[in-house]
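Each remark here refers to the structure printed beneath this line.
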Amino acid sequence: MWLQGCSGCHISLLDTGDAIAEVANAANVVYTPISDERKVPKADIVLVEGAVANEENEELLTLVRKNADTVVALGTCACHGGIGGLRNLHRLDQVMTRAFLETPSTADGVVPDEGVPQLNDSVRSVREVIDVDFALPGCPPPADSIARLLAGALEGSLPELPTHNLCEECSRLRQDMLLPQRGFICDEVRAVFELDEVDPELCFLEQGVLCMGPTTQEGCGAKCPTGNMPCRGCMGPTPKAREQGCKLIDSIASILPAGAIMYLEDVVGTGYRFSLPVSICPKPTEKKEGKR
Ligand code: SF4
Ligand code: SF4
Ligand code: SF4
25 MWLQGCSGCH ISLLDTGDAI AEVANAANVV YTPISDERKV PKADIVLVEG AVANEENEEL
85 LTLVRKNADT VVALGTCACH GGIGGLRNLH RLDQVMTRAF LETPSTADGV VPDEGVPQLN
145 DSVRSVREVI DVDFALPGCP PPADSIARLL AGALEGSLPE LPTHNLCEEC SRLRQDMLLP
205 QRGFICDEVR AVFELDEVDP ELCFLEQGVL CMGPTTQEGC GAKCPTGNMP CRGCMGPTPK
265 AREQGCKLID SIASILPAGA IMYLEDVVGT GYRFSLPVSI CPKPTEKKEG KR
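Everything in the sequence shown is counted per the numbering used here, starting at 25 for the first residue and increasing by one.
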């Protein structure tokens, strides 16, 4: 099932190679987002990609929960709201005006109000709307994790998910940050391109570069630090720390001058890029009603 998502999770599903072939042989695939069938049939298991952003998403998801024995939230949009959830920073009328009237490429724009599903006031993760049986985050989830999920599903069981943060599976050295000391380990927060040279062995935080590893769920094999770039948090928060942005500040406050981050980094776009809808930050309607 495809809700508000970019279809990247579907591409990762296709990347599972042999695993998807085994599913095709062993299972009866009764529905896909590109099939002509528009009804949501009964199914043993449904994988849902994307967040809930409009009334049609919500309707389809309710039918999925009713008709499926097992529902899997596939990908960070489904699990935590994802990048599209950043629209929760703004009211719906602001979003519509910006998207349909104000963008530089728009001429004589019109805000659509008929014939298309109406956007909800805010974006919600799948898990905020229905109970799910399994949540596999990642933007997109790694193909080998999806393969394990499919193999388990064919055997009638779902795999265990890792629960630690990304630093657990990152091989970069942490030295100074583990020693008790009064000062910061680095006086500045820098972007990767501001370093004369990136040390490929040393933890990014120890080089003064913000890395989301401490606040992000493991499971991708620390792809970005392995490729010499800091983690941006696409697996979303660990199960114990749903609040990814606050956890970021909490994790680095004694290591780097956290105040500098407020000036140098896009704090919301960094700390909440993938999980704003499930954070404690109020949604636009909640701000109006004074909730949270
Ligand atoms: S989780 Fe990432 S890859 Fe999957 S639908 Fe959302 S934006 Fe696309
Ligand atoms: S903070 Fe980043 S670079 Fe450092 S150990 Fe964690 S994931 Fe690796
Ligand atoms: S290292 Fe971070 S940003 Fe990169 S794929 Fe893994 S979780 Fe996503």
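Virtual Cβ for every residue (Gly too), placed ideally from N, Cα, C.
Check each residue's C-beta against every heavy atom of ligand 1 and list, in chain order, those closer than 6 angstroms. Gly29, Cys30, Gly32, Cys33, Glu73, Gly74, Gly99, Thr100, Cys101, Gly106, Ile107, Cys163 and Pro164
Gly99 vs Phe298 beta-carbon contact at 8 angstroms: No, these two residues do not count as a Cβ contact at 8 angstroms.
Would you grab the beta carbon distance between Val47 and Val95 for me? Rounded to a whole angstrom, and I think it's under 8 angstroms. Their Cβ separation, rounded to whole angstroms, is 17 angstroms, which puts Val47 and Val95 out of contact at 8 angstroms.
Is DSSP giving Arg297 helix, strand or coil here? It is coil, neither helix nor strand.
Out of Thr240, Val140, Val292 and Ala167, point me to the one whose CA is closest to Cys191's CA. Thr240
Ligand 2 and Arg111: does the residue's C-beta get closer than 7 angstroms to at least one heavy atom of that ligand? no
Here's the rule: buried if 16 or more other CB atoms are within 10 angstroms of the residue's CB, otherwise exposed. What is Pro57? exposed
Whether Arg198 touches Cys227 by CB criterion (8 angstroms): yes
At what residues does the alpha helix (DSSP H) containing Thr250 begin and finish? Residue range Lys247 to Thr250 is occupied by the alpha helix (DSSP H) that includes Thr250.
Between the region 27 to 45 and the region 163 to 180, can you find at least three pairs of beta-carbon atoms closer than 8 angstroms? These segments touch.
Ignoring anything shorter than 3 residues, give me the beta strand (DSSP E) runs that lie fully in the region 157 to 242, in order along the chain. 158 to 160
Look at the Cβ atom of Met259, then the Cβ atom of Gly108, and state whether they are nearer than 8 angstroms. no
Closer than 7 angstroms to a non-hydrogen atom of ligand 3 - does that hold for the CB of Arg297? no
With three or more C-beta pairs closer than 8 angstroms as the rule, is the region 170 to 186 touching the region 113 to 123? Contact between the region 113 to 123 and the region 170 to 186 is absent, because fewer than three Cβ pairs lie under 8 angstroms.
Quick check on Ile209: buried or exposed, where buried means 16 or more other Cβ atoms within 10 Å of its Cβ? buried
Mind checking whether the beta-carbon of Pro204 lies closer than 7 angstroms to any heavy atom of ligand 2? no
Proximity test, Met185 beta-carbon vs ligand 3 heavy atom, cut-off 7 angstroms: Strictly speaking, residue 185 in this sequence is Leu, with Met absent from that position. No; taking the cut-off as 7 angstroms, the Cβ of Leu185 has no heavy atom of ligand 3 nearer than that.
Sub-8 angstroms separation of Lys271 and Ser146 beta-carbons: no
Could you check how far apart the C-beta atoms of Val134 and Phe124 are, in whole angstroms? I think they sit under 8 angstroms. 7 angstroms
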